[in-house]
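Please read the structure below before turning to the comments.
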Amino acid sequence: MEELDYFYRAYHEYRANLEPSKADLSFRKANKGVQSLDDFVTMVTTTITIDEDWIIAIEKGLVYIGKAIKEDRQFIRNEGETLPIEKIRRVDKDSVANLAKHSDYITKRPTNPNDNVIPEKLLMVRRENDYSIYENRVVYATLVYLKDFIVSRLNRINEAISRYEGHCEIRKKIIYAGRTLDFSLHLDDIRKNDPIAAKHNSCQGLIDRINEILNDVVLLLRTRLMQEVAKAPLVSRPITKTNVLRMNVNFKGSLAVFDYACAYPNDGFHIEETEKKICPLPEEEALRYADIIALDSFLTYQLNNALLPDLEKSYRAEEKRRKEENDAAMLSRLEELMARVKKSGKSTPEYILALEEGLGVLKQQVETAKADLSALKADSEAKLQAEKQAHLLALEEEKHHHQQVVDSILSDHEKEMAEAESAHQKEKAEMEAAHQQEVAALKASAEKDKAELSASYEQRIADLNQTVLTAKQQSDDLAEQLNAAISAKAESEAACAAKVEAAEQDRDASKQKAAKEVQALTAENAALRISCGKAPKPTELSSRERFLELEEEKKNLDALFDAAWKEAKKDIRHRLFSKKPEDQGGKKK
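Residue 11 is where the sequence shown starts when you use this note's numbering, and the numbers rise one by one after that.
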């Protein structure tokens, strides 16, 4: 806050020094009333929500940890060392038992039988309290882990609530008095550990509880028992559940909070950031940002023109003039005061004493006035209280009267409601009677329509049944005709098959006849070849010449066979289809 106070005071003095400037006045007039959507200020607000479950669990667990530390559990450790008899400080039963086992410690026999036997060496046992038992180490490990657990979350919470983030964007083009200023400003301001941002968090109560838990953990770690246990190695998970950790309530509760903290899956808090934007800027704030433009313009102008020495000289001259004016005003006041002293006819000390006495009288008058004011205030409060009581009584009376009026209105309303209910019931009964009559008439009409419809439907059903019987009879006749046609077709197919078989037999006979003719033609051909002086066809079939002749003969034979077969098929078709199917059917019948 001190830094902000310095800046605010400096800005006030800056504005106070610029008030007499005509140039500043014209500059502010040029900016006044100009609001642009390009100028805006935004702030990112961080809202944090802390889960209370882990805080409550640790608070409950610390109660058990504190009680476990107060139990002050320890282990008595016995350590023995064999020392010369001169260094032995005390002898106990363990020393005697050890001497009975080691008779070699007695090296000298006393000369006098009545003297005591003194060994040369003896066992001296030291008993030490050992606090580093496993259960205490588990408690210490729990406190160490809880400290890290809390500190890590508390640091992130404090960092989130004390973070400030602000942005500013200014774009202006100002034309006035022969000047053109084109200004652009982009500002990103991010601050950590900001005290003002930390004040506006809504979960300070939970943060205080977390700080208290952390302080309790630190105090428990500073106890004598924990400082002794800290010298031993730190226990690591998994924890071995000894009988004490399973049966003792305090150590069991300590282990439970340790397991809870180790298994806790969340951060324990939630951070939400929202952006607040101010656009357009208020007029007064826009003028303040315009001061930045004016100051930046001045700094640029004086730097480019090297005006700093001249400005410094003018500044010192003006400061000197102001100091002289202040000194002159002070001297004038002193002279006026001295004139008053001389005019009073008193010396300066007497005049000062008179002023002090007058000041005392004024103080008394002020005190009297304060007392009168207090009395007047008390009187006013009493009157106000009395008026308040009177007003309350009047309100009570008015309320009582209002209640009576309300009761009367309710009573009249209930009567009207009863009358209306009676009239409604009567009207309802009449409407029900009329409705019953109308229902009876509708039922009679419905029964009549039902009878007519039933008769009509029965007649239609009879007609449909007759139509169905007729259609069935026609269907039976058509079925008989179809069966007859199928039988005729079957007989026709059988006749056709017989004719085809006869045609095939004729074909086979023709084929045999053709084969005989071929043989005769072959013999005739051989005779002709001999008569023509040609050699008969060779019987060797593998020669090329014989193969070509056979091929030619096969082609001629195939052509002859095809021509004969075509003629045979034509004859078969002509004989099969020359007669009409009706004649065939008539003959079959």
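No residue lacks a Cβ here, since even glycine has one placed at the ideal position from N, Cα and C.
Quick caveat, the model's predicted, so the values are computed rather than measured.
Can you look up residue i in the DSSP assignment and give me helix, strand or coil?
i      : result
Val510 : helix
Lys458 : helix
Leu231 : helix
Tyr9   : Outside the modelled stretch of the chain, which goes from 11 to 599, sits residue 9, for which no answer is possible.
His112 : coil
Gly176 : strand
Pro205 : helix
Ser283 : One detail in the question is off: residue 283 reads as Glu in this sequence, not Ser. Looking at Glu283 - three-state DSSP - the assignment turns out to be strand.
Ser497 : helix
Ser485 : helix
Ile200 : strand
Gly596 : Only weak support is given to the placement of Gly596: the predicted model assigns it a pLDDT of 46, under 50, and the value that follows is read from those uncertain coordinates. Three-state DSSP puts Gly596 in a helix.
Glu91  : strand
Ser194 : strand
Ile249 : coil
Ile184 : strand
Arg189 : strand
Lys118 : coil
Leu133 : strand
Lys217 : The sequence shown places Ile at residue 217, rather than the Lys named in the question. Helix.
Ile362 : helix
Please work out which residues of its chain come closer than 7 Å, Cβ to Cβ, to residue i, disregarding the five sequence neighbours upstream and downstream, and give them in chain order.
i      : result
Lys287 : Phe50 and Thr52
Val351 : Thr358 and Tyr361
Thr152 : Ile75, Ser264, Val267 and Phe268
Ser307 : Leu191
Leu47  : Cys289 and Pro290
Val73  : none
Leu586 : Cys506 and Lys509
Around the C-beta of residue i, are 16 or more other C-beta atoms found within 10 angstroms, so that it is buried, or is it exposed?
i      : result
Pro30  : exposed
Ile540 : exposed
Ile58  : buried
Asp473 : exposed
Met340 : exposed
Arg247 : exposed
Glu397 : exposed
Trp64  : buried
Tyr174 : buried
Asn146 : buried
Met427 : exposed
Met134 : buried
Ile558 : With the sequence shown as reference, residue 558 is identified as Leu, and Ile is not the correct amino acid for it. Exposed: under 16 other Cβ atoms inside 10 Å.
Val228 : exposed
Leu132 : buried
Gly278 : buried
Ala300 : buried
Ala512 : exposed
Asp226 : buried
Leu156 : buried
Ala451 : exposed
Ile128 : exposed
Ile220 : buried
Can you find the residues in the same chain that come closer than 8 Å, C-beta to C-beta, to residue i, ignoring five residues on each side of it along the sequence?
i      : result
Glu130 : Pro94, Ile95, Tyr115, Ile116, Thr117 and Lys118
Glu391 : none
Val149 : Ile75, Ala78, Ile79, Met236, Val239, Phe261 and Ser264
Glu62  : Leu216
Counting along the chain, where does the alpha helix (DSSP H) carrying residue i start and finish?
i      : result
Ile68  : Asp63 to Lys80
Glu13  : Glu12 to Leu28
Arg147 : Tyr144 to Ile171
Leu321 : Leu318 to Ser354
Ile302 : Glu293 to Asn314
Ala40  : Lys32 to Asn41
Asn253 : Asn253 to Met257
Which residues mark the beginning and the end of the beta strand (DSSP E) in which residue i is found?
i     : result
Ile58 : Phe50 to Ile60
Could you name the residues of the same chain whose beta carbon sits closer than 6 Å to that of residue i, not counting the 5 residues immediately before and after it, in chain order?
i      : result
Leu284 : First, the residue type needs correcting, since residue 284 is Thr and not Leu in the sequence shown. Correct list, in chain order: Thr55.
Glu348 : Looking at the sequence provided, one finds Met at residue 348 rather than Glu. Result list for Met348: empty, nothing under 6 Å.
Val245 : Arg147, Val148 and Ala151
Cys272 : none
Ile184 : Ala40 and Leu191
Ala187 : Ser36
Asp34  : Leu28
Arg517 : Ala578
Is the shortest distance between the beta-carbon of residue i and the beta-carbons of chain C less than 7 Å?
i      : result
Leu474 : Of the protein chains in this structure there is only one, and it is not chain C.
Touch check for the region 33-42 and the region 312-320: three-plus C-beta pairs under 8 Å? no
Inter-stretch contact at 8 Å, needing at least 3 Cβ pairs: the region 153-171 / the region 254-261: no
For the 8 Å Cβ check, are there 3 or more pairs between the region 66-75 and the region 267-281? Note that the region 66-75 touches the region 267-281; at least 3 beta-carbon pairs, one per stretch, sit closer than 8 Å.
Quick one: any contact between the region 200-208 and the region 167-182, if contact means 3 or more CB pairs under 8 Å? yes
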